[in-house]
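Novice:
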Amino acid sequence: MEFVLLLAALAAAALVGSAASALRREHRRIRSVTAVGRGDLDHYELAYLAGGPRRTVNTAIAALAARDWIRVSRGGRVTAVAGASPVTPHPVEQAVLDLAAVPGGRTAGEIRHEIGDGIAVAGLKNRLIGQGFLLPDGSLEGPRRLVARLGALVALCFAVEATLLVVPAAGVVPWSPVSVGAVLVAAVAGVYGLRTRARHQRSLRSPLTGPGADVLQRARIRQPRAAVAATGGDDAAFAGLTGALALYGLGEYGDQSVAAEIAREEIRRHGEQAACASGSCGGGPVAGNGSGDSASHSGDWGWDSGGHSGGHSGGHSGGHSCGSGGHSCGSSGCGSSGCGSSGCGGGGCGGGGG
Numbered sequence: 016m017e018f019v020l021l022l023a024a025l026a027a028a029a030l031v032g033s034a035a036s037a038l039r040r041e042h043r044r045i046r047s048v049t050a051v052g053r054g055d056l057d058h059y060e061l062a063y064l065a066g067g068p069r070r071t072v073n074t075a076i077a078a079l080a081a082r083d084w085i086r087v088s089r090g091g092r093v094t095a096v097a098g099a100s101p102v103t104p105h106p107v108e109q110a111v112l113d114l115a116a117v118p119g120g121r122t123a124g125e126i127r128h129e130i131g132d133g134i135a136v137a138g139l140k141n142r143l144i145g146q147g148f149l150l151p152d153g154s155l156e157g158p159r160r161l162v163a164r165l166g167a168l169v170a171l172c173f174a175v176e177a178t179l180l181v182v183p184a185a186g187v188v189p190w191s192p193v194s195v196g197a198v199l200v201a202a203v204a205g206v207y208g209l210r211t212r213a214r215h216q217r218s219l220r221s222p223l224t225g226p227g228a229d230v231l232q233r234a235r236i237r238q239p240r241a242a243v244a245a246t247g248g249d250d251a252a253f254a255g256l257t258g259a260l261a262l263y264g265l266g267e268y269g270d271q272s273v274a275a276e277i278a279r280e281e282i283r284r285h286g287e288q289a290a291c292a293s294g295s296c297g298g299g300p301v302a303g304n305g306s307g308d309s310a311s312h313s314g315d316w317g318w319d320s321g322g323h324s325g326g327h328s329g330g331h332s333g334g335h336s337c338g339s340g341g342h343s344c345g346s347s348g349c350g351s352s353g354c355g356s357s358g359c360g361g362g363g364c365g366g367g368g369g
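For the sequence shown, the working numbering assigns the number 369 to the last residue and increments by one with no breaks.
1) Cα-Cα, which of V181, L143, V162 and T74 is closest to G266?
2) In three-state terms, what does DSSP make of R43?
3) If you follow the beta strand (DSSP E) that A185 is part of, which residue opens it and which one closes it?
4) To the nearest angstrom, how far is it from the Cα of A202 to the Cα of L180?
5) Would K140 pass as a contact of L149 if the rule is Cβ separation under 8 Å?
6) Suppose the cutoff is 8 Å on Cβ atoms and the five residues either side in sequence are ignored; what does the same chain contact list for W190 look like?
7) If you run the structure through DSSP and keep just helix, strand and coil, what is V93?
8) To the nearest angstrom, report how far apart R43 and V51 are at their CA atoms.
9) Among H58, E125 and E41, which one has its Cα closest to the Cα of A251?
10) Between the Cα of P118 and those of R212, G264 and A97, spot the shortest distance and give me the residue it belongs to.
11) Could you pull the start and end residues of the beta strand (DSSP E) that R86 belongs to?
12) What's the gap between the Cα of F253 and the Cα of A35?
13) What separation, rounded to the nearest whole angstrom, lies between the Cα atoms of L155 and Y207?
14) Whose CA, out of A213, V136 and G124, lies closest to the CA of G166?
15) How many whole angstroms separate the CB atoms of P101 and W84, which I take to be in contact at a CB cut-off of 8 Å?
16) A6 and L61: beta carbons closer than 8 Å?
17) For R164 and R127, which I take to be in contact (beta-carbon distance under 8 Å), what is that distance rounded to the nearest angstrom?
18) Below 8 Å between beta carbons: does that hold for V169 and L25?
19) Does DSSP classify L179 as helix, strand or coil?
20) Tell me whether the beta-carbon of V162 lies closer than 8 Å to the beta-carbon of L79.
21) So, is L21 buried or exposed, given that buried needs 16 or more other C-beta atoms within 10 angstroms?
22) On the three-state DSSP scale, how would you describe R240?
23) Is the beta carbon of R89 less than 8 Å from the beta carbon of E280?
24) Per DSSP, R121 forms a beta bridge with which residues?
25) Among A28, A29 and L56, whose alpha-carbon lies nearest the alpha-carbon of D229?
26) For L223, which beta-bridge partners are listed by DSSP?
27) What residues in its chain sit with their C-beta under 7 Å from that of R121, if we drop five residues either side in the sequence?
28) For G32, which of helix, strand or coil comes out of DSSP?
29) How big is the Cα-Cα spacing for G138 and S272?
30) Is V198 buried or exposed, if buried means 16 or more other CB atoms sit within 10 Å of its CB?
31) So is Q216 buried or exposed if we call it buried at 16+ other beta carbons inside 10 Å?
Rendered as structure tokens:
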């Protein structure tokens, strides 16, 4: 009987080890993409890698406000500045300008929703996928299934361990080196499986390929975190501000009262535990590498968590959960308040806060 218990423990451990090994191989396979791009990405491409559609749109709003091309007023309403005739070559900035120019303007949340689900951001996302920096939609479904399978096997392993403890305690078999060894085998296998599952589940929040993570890290090394003045300065100063916003989020904006208005709806939705879908509503993405396949954005990728982290984070914090898949509310992507379509990337957040 003791050897039967040992065999049960060994079988459970073997199943956990096999599932963990399969998960590691699959994860390595999908991340091992050869980049065809050179890595000289513009600010908005880096913003998408760092935090998905939200970071991208928040960066554009803040950068244009710093240039005095748009005005962000109380309540997060964004309007065009009278007399300004801005010309920008970037489609995302132009999309923001077009929406700000409509009578009465638009709120920052409306802009995030419309542009995050629009052509400009979709084109940017597709370019990053084509260059090998972002995973295509659906790429992380295989690893997610393996994570779920590993979780079930870990539960089985702990169930076996519980049985191994109960049987000797009930006097069915005596405690012996064999029965103690069976308990230890099941315990070690369960803990190993649990840790492996947790590690890979966290990594599924990021839609970046290996080259995508590398190019984002290099960009952060070139431009370390440091708040930049919100207004004034020449083109180089504005470029520096835009880069900081792209890499680290609204927390880098010099005027945190403006940053608070840009992120206002996003913060309220996060505080209300709202579930999002496309990656466009509520704000920008996260600090870090982003999160999921077209988002396993269940973490932060797709939400501008780096936003005005100064004096405003305390009063507006809250748990926010974005979906984990591609384009349906709650289950895929993260972004818009109304279930968007562009998701959060080819497979979830980029790096820093959005």
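Virtual Cβ for every residue (Gly too), placed ideally from N, Cα, C.
Specialist: Inspection of the coordinates gives the following:
1) Ranking the options by Cα distance to G266, first place goes to T74.
2) R43: helix per DSSP, three-state reduction.
3) Careful: A185 lies outside any beta strand (DSSP E) and carries neither H nor E.
4) Here the alpha carbon of A202 sits roughly 11 Å from the alpha carbon of L180.
5) Yes; because the gap between Cβ atoms is below 8 Å, this pair is in contact.
6) P183.
7) V93 carries a strand assignment under DSSP once its states are collapsed to helix, strand and coil.
8) The alpha-carbon atoms of R43 and V51 are separated by roughly 19 Å.
9) With distances taken between Cα atoms, A251 lies closest to H58.
10) That would be A97, whose Cα lies nearest to the Cα of P118.
11) Run containing R86: I85 to V87, per the beta strand (DSSP E) assignment.
12) F253 and A35: Cα-Cα distance of roughly 47 Å.
13) Take the alpha-carbon of L155 and the one of Y207: they are about 22 Å apart.
14) When only C-alpha atoms are compared, the closest one is A213.
15) The distance from the Cβ of P101 to that of W84 is about 4 Å, consistent with a contact at the 8 Å cut-off.
16) With the chain covering 16 to 369 only, the question about residue 6 has no answer from this structure.
17) About 36 Å; that fails the 8 Å criterion.
18) Between V169 and L25, the gap from beta carbon to beta carbon reaches 8 Å or more.
19) In this structure, L179 counts as helix in the three-state DSSP scheme.
20) No.
21) It is buried - the Cβ of L21 has at least 16 other Cβ atoms within 10 Å.
22) Annotated three-state conformation of R240 is coil, per DSSP.
23) No, these two residues do not count as a Cβ contact at 8 Å.
24) DSSP lists V93 as partners of R121.
25) Looking from the CA of D229, the closest CA among A28, A29 and L56 belongs to L56.
26) When beta bridges are read from the DSSP output, L223 appears opposite L149.
27) Answer for R121: V93, L114 and A115, listed in chain order.
28) It is helical.
29) One C-alpha to the other measures close to 31 Å.
30) Sixteen is the threshold: when 16 or more other Cβ atoms of the shown chains lie within 10 Å of the Cβ of V198, as they do, the residue is buried.
31) Label assigned to Q216: buried.
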